[in-house]
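Undergrad:
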Amino acid sequence: MGMSVNTNVGAMLALQNLNKTNSMLETTQLHITTGLKVNGPKDDAATYAIAQRMRGDIAGMGAVKTALSNGEATVNVAITAGKAVADMLTEMKAKTVQANQAGLDTASRDALQNDFTSLRNQLETIVQTAEFNGKNLITTGASALTVLSTVDGSTISVTAQIMNATALGLDTSTLANASGAATALTSIDAAINSVTSSLASLGSSSKRIDVQSEFTVQLVDILKEGVGNLVDADLAEESASLQSLQIKQQLGVQALSIANSGPQSILALFG
19 MGMSVNTNVG AMLALQNLNK TNSMLETTQL HITTGLKVNG PKDDAATYAI AQRMRGDIAG
79 MGAVKTALSN GEATVNVAIT AGKAVADMLT EMKAKTVQAN QAGLDTASRD ALQNDFTSLR
139 NQLETIVQTA EFNGKNLITT GASALTVLST VDGSTISVTA QIMNATALGL DTSTLANASG
199 AATALTSIDA AINSVTSSLA SLGSSSKRID VQSEFTVQLV DILKEGVGNL VDADLAEESA
259 SLQSLQIKQQ LGVQALSIAN SGPQSILALF G
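Sequential numbering of the sequence shown, starting at 19, is according to this note's numbering.
#1: What are the boundary residues of the beta strand (DSSP E) that S224 is part of?
#2: Going by DSSP, name the residue or residues bridged to E149.
#3: Roughly how many angstroms lie between the CA atoms of V82 and E232, to the nearest whole one?
#4: Which residues mark the beginning and the end of the beta strand (DSSP E) in which S191 is found?
#5: In the DSSP assignment, what are the bridge partners of L163?
#6: Whose C-alpha, out of D170, G244, D133 and Q261, is nearest the C-alpha of Q70?
#7: Between which two residues does the alpha helix (DSSP H) harbouring N82 extend?
#8: Have a look at L248, V93, N35 and K38 and flag the residue whose alpha-carbon is nearest the alpha-carbon of S216.
#9: Cutting at 7 Å between CB atoms, please list the residues of its own chain near K242, excluding the five before and the five after it.
#10: Look at the alpha carbon of N17 and the alpha carbon of N151, and state the distance between them as a whole number of angstroms.
#11: Would a C-beta distance cut-off of 8 Å place I206 and L107 closer than the cut-off?
#12: Does the Cβ of L130 have 16 or more other Cβ atoms within 10 Å, making it buried, or fewer, making it exposed?
#13: So does the segment 176 to 191 actually touch the segment 156 to 164, counting three or more Cβ pairs closer than 8 Å?
#14: I'd like to check one pair, V95 with A162: are the Cβ atoms closer than 8 Å?
#15: Can you grab the Cα-Cα spacing for the pair T234 / M79, in whole Å?
#16: Going by the CB atoms, is the gap between K113 and L193 shorter than 8 Å?
#17: By Cβ distance below 6 Å, which residues in the same chain neighbour M30 in space, the five residues on each side in sequence not counted?
#18: Using the three-state DSSP reduction, which class does D170 fall into: helix, strand or coil?
#19: Measuring CA to CA, which of V169, Q179, T84 and K225 is closest to K72?
#20: Determine the DSSP secondary structure at K60, reduced to helix, strand or coil.
#21: Could you check if Q261 is buried or exposed, using at least 16 other CB atoms within 10 Å of its CB as the buried criterion?
#22: Taking the C-alpha atoms as reference points, what is the distance between N211 and Q116?
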């Protein structure tokens, strides 16, 4: 090919190669800076779309995990309060058994009645304060708790277990006389059975929520690993590529410099 002062083909080719190298170098530096080999749809549209969907699922599962944690806390508060109610009932039964003794004097019966009333009031206080995040599962008028369990909107329903004195049939119980004490003993036994059953139901619900919560955490970890496999950069590979491209860039600059000096040699023909 002849030499021309108007068109330097060698310089043009050298510049094209240098620009290509610079572009590859910028991409590699971006991979290293972000730690990602797929930063956007320009890098790999299909992979980016899949990763974005998975990231959306991960975000949704984060909301599910929060809902499950709140639900589990609400149920566990109810269980803790229910166990305290069961303890109160055990003490109330002890007072009731004492009140059923034959020949009990008036002063002793009055003392037992006062203790019984105090324990019942304490039971009511426990039930009324068994609340988490505005939800109480064991007080008067309590409704079921609905807990979000999956990103598709599935839920776990926890049935309310009312444990106040009225629901347990103890609101009118008295130890003031022998007949009242006998009736109270029957009511206490029934209340203990009822609370035991309620605690079993709440415990089962808590276990379901806990299992779902653990599954959600594991699933999030799997999805995060999957996203990483799709878009994370191999930093060792990128580092090696960076060094190679930097050398290639230096050689490209030299090649362009040499190509640009070519037209100067034409002047020697007219020297």
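Each residue gets a CB set at the ideal place from its N, CA and C atoms; glycine is no exception. Predicted, not measured: the structure shown is a model, and the values here were computed from it.
TA: Let me spell this out:
#1: Here S224 belongs to no beta strand (DSSP E); instead the alpha helix (DSSP H) covers A196 to V249.
#2: N154
#3: For V82 and E232, the distance between alpha carbons rounds to 11 Å.
#4: First-last for S191: undefined, no H or E at that position.
#5: V176
#6: That would be G244, whose Cα lies nearest to the Cα of Q70.
#7: The sequence shown places Val at residue 82, rather than the Asn named in the question. Unbroken alpha helix (DSSP H) run through V82: A63 to A117.
#8: V93
#9: So the qualifying residues of the chain are I76.
#10: Any property of residue 17 remains undetermined from this structure, which presents the chain solely from 19 to 289.
#11: Yes.
#12: buried
#13: yes
#14: Against a cut-off of 8 Å, the Cβ pair of V95 and A162 comes out as no contact.
#15: Rounded to the nearest whole angstrom, the C-alpha separation of T234 and M79 is 7 Å.
#16: By the CB criterion at 8 Å, L193 and K113 fall inside the cutoff.
#17: Excluding residues within five positions, none has a Cβ falling inside 6 Å.
#18: coil
#19: Residue identity differs from the one stated: residue 72 is Met in this sequence, not Lys. Minimum Cα distance to M72 is reached at V169.
#20: coil
#21: By the neighbour-count criterion, in which a residue is buried when 16 or more other Cβ atoms sit within 10 angstroms of its Cβ, Q261 is exposed.
#22: N211 and Q116: Cα-Cα distance of roughly 20 Å.
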